[in-house]
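Peer 1: Taking my numbering, the leading residue of the first sequence gets 104, the next gets one more, and so forth.
The beta carbon of each residue, even a glycine, is placed where N, CA and C say it ideally should be.
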Amino acid sequence: MKMKADRHTVLVGGKRLELSRLNKVLWPEAGLTKADLIAYYWQIAPRLLPHLYKRPLTLTRYPDGIEEGMFYQKDTPSYAPDWLKTYRVVSDDSREIRYLLAEDEATLVWLANQAAIELHPWMSTTDHPDYPSYAVVDLDPATGAEFGDVVEIAGLVRVLLQELGLKGYPKLSGASGIHIYIPLWPRYPYRLTSRFVGYLGELIVKAYPQKATNERLVAKRDGKVYIDHLQNLPGKTIVAPYVPRPLPHAPVSVPVEWEELIVTGSGRGVQPHDFTLADIKVILARPPLFEQMYQAPQSLDKIMPLFAAGEKEGQKVH
DNA sequence: TACCTTA
DNA sequence: TAAGGTAACCCATAT
DNA sequence: ATATGG
Ligand SMILES: [Mn+2]
Ligand SMILES: [Mn+2]
Numbered sequence: 104m105k106m107k108a109d110r111h112t113v114l115v116g117g118k119r120l121e122l123s124r125l126n127k128v129l130w131p132e133a134g135l136t137k138a139d140l141i142a143y144y145w146q147i148a149p150r151l152l153p154h155l156y157k158r159p160l161t162l163t164r165y166p167d168g169i170e171e172g173m174f175y176q177k178d179t180p181s182y183a184p185d186w187l188k189t190y191r192v193v194s195d196d197s198r199e200i201r202y203l204l205a206e207d208e209a210t211l212v213w214l215a216n217q218a219a220i221e222l223h224p225w226m227s228t229t230d231h232p233d234y235p236s237y238a239v240v241d242l243d244p245a246t247g248a249e250f251g252d253v254v255e256i257a258g259l260v261r262v263l264l265q266e267l268g269l270k271g272y273p274k275l276s277g278a279s280g281i282h283i284y285i286p287l288w289p290r291y292p293y294r295l296t297s298r299f300v301g302y303l304g305e306l307i308v309k310a311y312p313q314k315a316t317n318e319r320l321v322a323k324r325d326g327k328v329y330i331d332h333l334q335n336l337p338g339k340t341i342v343a344p345y346v347p348r349p350l351p352h353a354p355v356s357v358p359v360e361w362e363e364l365i366v367t368g369s370g371r372g373v374q375p376h377d378f379t380l381a382d383i384k385v386i387l388a389r390p391p392l393f394e395q396m397y398q399a400p401q402s403l404d405k406i407m408p409l410f411a412a413g414e415k416e417g418q419k420v421h
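1. Near ligand 2, which residues have their beta-carbon closer than 6 Å to a heavy atom?
2. Taking the beta carbon of T112 as the centre, do at least 16 other beta carbons fall within 10 Å, making it buried, or is it exposed?
3. Just the C-alpha distance for L122 and R110, rounded to the nearest angstrom, thanks.
4. With DSSP as the reference, please indicate the residues paired to R119 in a beta bridge.
5. Taking DSSP as the reference, what is the three-state secondary structure of I169?
6. Ordered along the chain, which non-local residues of its own chain (more than five positions away) have a Cβ less than 8 Å from that of L50?
7. Between which two residues does the beta strand (DSSP E) carrying L242 extend?
8. For A315 and V366, what's the separation of their Cα atoms in angstroms?
9. Between the alpha carbons of K327 and G277, how many angstroms are there, rounded?
10. Just confirm the distance between the C-beta atoms of Y284 and Y272, as a whole number of angstroms; I'd bet it's less than 8 Å.
11. Quick check for students: name the residue ranges of the alpha helix (DSSP H) that lie wholly in the region 244-332, counting only runs of 4 or more.
12. Should the region 346-366 be regarded as contacting the region 164-184, the criterion being three or more beta carbon pairs within less than 8 Å?
13. Contact defined as beta carbons within less than 8 Å: I believe L152 pairs with E206. What is the distance between those atoms, to the nearest angstrom?
14. Give the DSSP bridge partners of W130, in chain order.
15. What is the C-beta distance between A399 and H154, in whole angstroms, given that I count them as a contact (C-beta under 8 Å)?
16. Taking C-alpha atoms, which residue in L320, K339, P286 lies nearest to T246?
This is the structure we're talking about:
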């Protein structure tokens, strides 16, 4: 049976958008369609946009749903509407990429119609492209590790940060791990923020080698939680908060309170897939936990000597 | 998803 | 006309 | 040098 006029024209923020194949199923197991994705992005816009402002994007697109082929996209295609904001980067080999900037509802809706399920913003803004405005502690459970282990390691990260006079903001990755954002003044280059997180990782592995690991070789991670500091290097990105994942039940990466994660006594802490695309109302009803981040950038100046030994300008002298 | 290239 | 291809990175680290 | 992982 063929669905009739599976398309609609909508007006978003003064822009006319042609939406296509609205009934196409993107998450077969959950029965969620492109219409659902568009509705989600439209509604979540006020929560999401602050985290995308001035941040060039990498997209992951799934035009035939999460069980079919995907592709990454950085360069804005020529067929994109001319009102889209872009940021031009010319690499050494003079290749040019026009990165997309998503700074309004209309752009989000257009992206969703393109079946761009995931948005991965830079950790730096176009104001200071080489200086990230946050570092991320990316906690990835290896096979055999449980989410409780991830939470345990996250708790150690929290205490360690407190020890260093810093504050971190946790979110569910939406897959199986946790991302802890550490807002910074945009004055430390990527190399250094990566080194900083690597230092945190070393301390935690030293303190808890049973469950934390730095091993780059998957085989040596066994049932442990991998502290992936390399995720902070230039060109790497992490899925933005409030972005859905291309996994069976459309779980969403959602900021959480430390107290929701680390539950004392008999209660059950928040679980990795507690929020899905279908839970848009629940997600919107939660406080915007990450928004204060940008009002509270932090300094690494005092603790830099602990991990930046011989860093300086970064290059080898000879 | 949309476009381009090739048969 | 239709089928097939393309749409991104790359480097820190280990061996 | 080459492989690996994310
Ligand atoms: Mn991760
Ligand atoms: Mn990772």
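Peer 2: This is what the structure holds:
1. D241, D243, D331, Q334
2. As a first step, residue 112 is located in the first sequence; it is residue number 9 there, counting from the start. By the beta-carbon neighbour count (other beta carbons within 10 angstroms, threshold 16), T112 is exposed.
3. As a first step, residue 122 must be located in the first sequence, where it is residue number 19. As a first step, residue 110 must be located in the first sequence, where it is residue number 7. About 5 Å.
4. Locating residue 119 in the first sequence gives position 16, where the first residue counts as 1. DSSP, once it has assigned bridges, lists L114 as partnering R119.
5. Here residue 169 refers to the residue found at position 66 when the first sequence is read from its first residue. If DSSP states are grouped into helix, strand and coil, I169 belongs with coil.
6. The requested residue 50 does not occur in the structure, where the chain is confined to residues 104 to 421.
7. Taking the first residue of the first sequence as 1, we reach residue 242 at position 139. Here the beta strand (DSSP E) through L242 covers 237-244.
8. Taking the first residue of the first sequence as position 1, residue 315 is located at position 212. Taking the first residue of the first sequence as position 1, residue 366 is located at position 263. The straight-line gap from Cα to Cα measures roughly 20 Å.
9. Here residue 327 refers to the residue found at position 224 when the first sequence is read from its first residue. Here residue 277 refers to the residue found at position 174 when the first sequence is read from its first residue. Approximately 19 Å between the Cα atoms of the pair.
10. Translated into the one-based positions of the first sequence, residue 284 becomes position 181. Translated into the one-based positions of the first sequence, residue 272 becomes position 169. Confirmed, Cβ separation roughly 5 Å.
11. Taking only runs of at least 4 residues, the alpha helix (DSSP H) segments lying wholly in the region 244-332 are 250-266, 293-310.
12. yes
13. Reading the first sequence from its first residue, position 49 is the one you call residue 152. Reading the first sequence from its first residue, position 103 is the one you call residue 206. At roughly 7 Å, the Cβ-Cβ gap stays under 8 Å, so L152 and E206 are in contact.
14. By one-based count along the first sequence, residue 130 stands at place 27. Its beta-bridge partners are L135.
15. Stepping through the first sequence from its first residue, residue 399 is reached at position 296. Stepping through the first sequence from its first residue, residue 154 is reached at position 51. So it is not a contact: roughly 15 Å between Cβ atoms.
16. Counting from one through the first sequence, the residue named residue 246 turns up at place 143. Of the candidates L320, K339, P286, the one whose C-alpha sits nearest the C-alpha of T246 is L320.
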